[in-house]
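Chains as they are written, first to last, in our numbering: chain A, 444 to 612; chain B, 3 to 252.
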């Protein structure tokens, strides 16, 4: 039984490490600022900004990968200049994530990439529902097999049976 | 006397289980950290690395049940019946998980939890067939008759598997078409590798689970049979007034 618990403890530790790495990766690469954050912080490094493409502001030549629009937050609207691959997901009144840096000389956000907004709850939920019950089911079966072997061993049920003689005379 | 099949399982279960666990852990790292997001679906595509292996393994489990049922009808080996019973229970479990994770993936991509699509319905029917199989096994008292009826039921139910697989080809469905077909592979290598590693991991884990569950069912039956025999001997010895039985009660 000790072996079973040790094996499963090791498995849980490795799974927790992978979960921590995943969370760290998402925190580093997928945390998004709001247009209000960009206006106040004016970050010069590359950041992700989430907002709504304001109606009536989308211009430029989308097919050649150049676009200008305003990305609206709750209170502020951020002027964005996009230069990158032709954006198939760029439409007015669509919530998007724009990736780029603030240009203080022109007062605009220079974006080079657009990304869809993701609800990570779906991803986390699918992995937890897919893997956790499976692990518990397997652990329960392994534990029961160990207990059954122990019960059989302790009951000495594998011992060869002595012929049961019934005297009918 | 322990069955040769059970001995074989005891010998190899550790390797199969370790292989499955390592592949799943590696697949989790590749799928969640190393692989890129999809251009259209974004990060939600990562659900694929758990949903698709679950569904494929559920179908592998039913295929194992089908082959095992044919084998049982041919050889009438009760250990093979234990194997079929084990595969059916695991397949039902994997099918349920496949349906739930598929539903979670459908919400952000199709904007609905469920739709009456040919692939979804035929897969849900597979779950109902497996639930029926497991229920049938609880209705019949005679173990030999139970095993025989269950084997026939599983073989008849196998007709649903090709329907599940080819439903996206035969009918116009919302579900994406086959990624692996005679036309080739319609997936980038960055996504194919984690998906392949996870599928191998789930398949090995399924075989490990079958080995464990078959032993569990076998030991359950063995213990029940031995206890029954001990009990009958105790009764017999008290009836006859003999004191020759030296067996201990479990």
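Backbone N, C-alpha and C define an ideal beta-carbon position, used for all residues, glycine too.
- When Cβ-Cβ separations below 8 Å define contact, residue 573 of chain A makes contact with chain B.
- Non-local C-beta neighbours of residue 129 of chain B in its own chain, meaning closer than 8 Å and more than five positions away in sequence, comprise 94, 97, 98 and 101, ordered along the chain.
- In this structure, residue 86 of chain B keeps its C-beta atom at 8 Å or more from the C-beta atom of residue 28 of chain B.
- In this structure residue 563 of chain A is exposed. Its beta-carbon is surrounded by fewer than 16 other beta-carbon atoms within 10 angstroms.
- For residue 470 of chain A, no CB of chain B lies under 8 Å from its own CB, so it is not counted at the interface with that chain.
- Put simply, of A:588, A:506 and A:597 the residue whose alpha carbon is nearest the alpha carbon of residue 220 of chain B is A:588.
- Segment contact: the stretch 458–470 of chain A against the stretch 518–531 of chain A, fewer than three CB-CB distances shorter than 8 Å; contact not assigned.
- Straight through space, the alpha carbons of residue 550 of chain A and residue 54 of chain B are spaced by roughly 46 Å.
- Residues of chain A with a Cβ closer than 9 Å to the Cβ of residue 171 of chain B do not exist, since the nearest Cβ in that chain sits about 26 Å away.
- Using beta-carbon distances, residue 44 of chain B counts as an interface residue toward chain A, with a partner under 8 Å.
- For residue 191 of chain B, no Cβ of chain A is located within less than 8 Å of the residue's own Cβ.
- In this chain, residue 173 of chain B is not harboured by any alpha helix (DSSP H), its DSSP state being neither H nor E.
- Sorting A:505, A:501, A:546 and A:520 by C-alpha distance to the C-alpha of residue 512 of chain A places A:501 at the top.
- Within the stretch 577–602 of chain A, those residues whose Cβ lies closer than 9 Å to any Cβ of chain B are, in chain order, 577, 580, 581, 584, 585, 587, 588, 591, 592, 594, 595, 597, 598, 599, 600, 601 and 602.
- In this structure, the beta-carbon distance from residue 201 of chain B to residue 58 of chain B falls below 8 Å.
- In the three-state reduction of the DSSP assignment, residue 493 of chain A falls in the strand class.
- Below the 9 Å Cβ cutoff, chain A contributes no neighbours of residue 9 of chain B, its closest Cβ being approximately 13 Å away.
- When C-beta distances to chain B are compared with 9 Å, the residues of the stretch 501–532 of chain A below that value are 531 and 532, in chain order.
- Here DSSP, grouped into helix, strand and coil, assigns residue 551 of chain A to strand.
- Looking at the DSSP output, residue 542 of chain A shares a beta bridge with A:491 and A:556.
- Per DSSP, residue 42 of chain B lies in no beta strand (DSSP E) segment and is marked neither H nor E.
- Using a Cβ-Cβ cut-off of 9 Å, residue 484 of chain A is close to nothing in chain B; its nearest Cβ partner there is about 25 Å away.
- In this model, residue 453 of chain A and residue 590 of chain A are separated by some 21 Å (Cα to Cα).
- Residue environment analysis places residue 84 of chain B among the buried positions, since at least 16 neighbouring C-beta atoms fall within 10 angstroms of its C-beta.
- Between the alpha carbons of residue 176 of chain B and residue 119 of chain B lies a gap of roughly 7 Å.
- Counting only residues of its own chain and dropping the five nearest sequence neighbours on each side, residue 566 of chain A has no CB closer than 8 Å to any other CB.
- In the displayed model, residue 526 of chain A falls within a strand according to three-state DSSP.
- Secondary structure within the stretch 42–88 of chain B: the alpha helix (DSSP H) runs of 4 or more consecutive residues, fully enclosed, are 50–77 (chain order).
- Fully enclosed alpha helix (DSSP H) runs of no fewer than 4 residues are not present anywhere in the stretch 195–233 of chain B.
- Cβ-Cβ separation between residue 56 of chain B and residue 204 of chain B: approximately 7 Å, consistent with a contact (criterion under 8 Å).
- Remark: three or more beta-carbon pairs, one from each stretch, lie closer than 8 Å, so the stretch 487–497 of chain A and the stretch 514–522 of chain A are flagged as touching.
- Closest in C-alpha terms to residue 170 of chain B, from the list B:125, B:111, B:199 and B:209, comes B:125.
- With respect to the 8 Å criterion, residue 139 of chain B and residue 148 of chain B are classified as neighbours on the basis of their beta carbons.
- Taking 8 Å as the CB threshold, residue 456 of chain A stays off the interface with chain B.
- Judged by DSSP secondary structure, residue 512 of chain A falls within the beta strand (DSSP E) whose first and last residues are 509–515.
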